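Right, dumping it as structure tokens:
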């Protein structure tokens, strides 16, 4: 679990820096937005998956 957390953190950090580099926006905010977007995506997919299994 700790290793997975490190991988996710590295992905969010490098991804946020890469996305913020060209437009010149703050990297910190971009990292947080990227992590938040992935979190919301995982919550939505989890909800849909639960609802499909609940109705079957």
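In the working numbering, the protein residues as written are 17 to 72. For every residue, glycine included, the Cβ atom is placed at its ideal position computed from N, Cα and C. This structure is a prediction, so every number in the text was calculated from the model and none was measured.
DSSP state of residue i mapped onto helix, strand, coil
i: residue 47; result: helix
i: residue 18; result: helix
i: residue 40; result: coil
Beta-carbon gap between residue i and residue j smaller than 9 Å
i: residue 31; j: residue 57; result: no
i: residue 36; j: residue 43; result: yes
Residue i burial status per 10 Å Cβ neighbour count (16 or more: buried)
i: residue 47; result: buried
i: residue 28; result: buried
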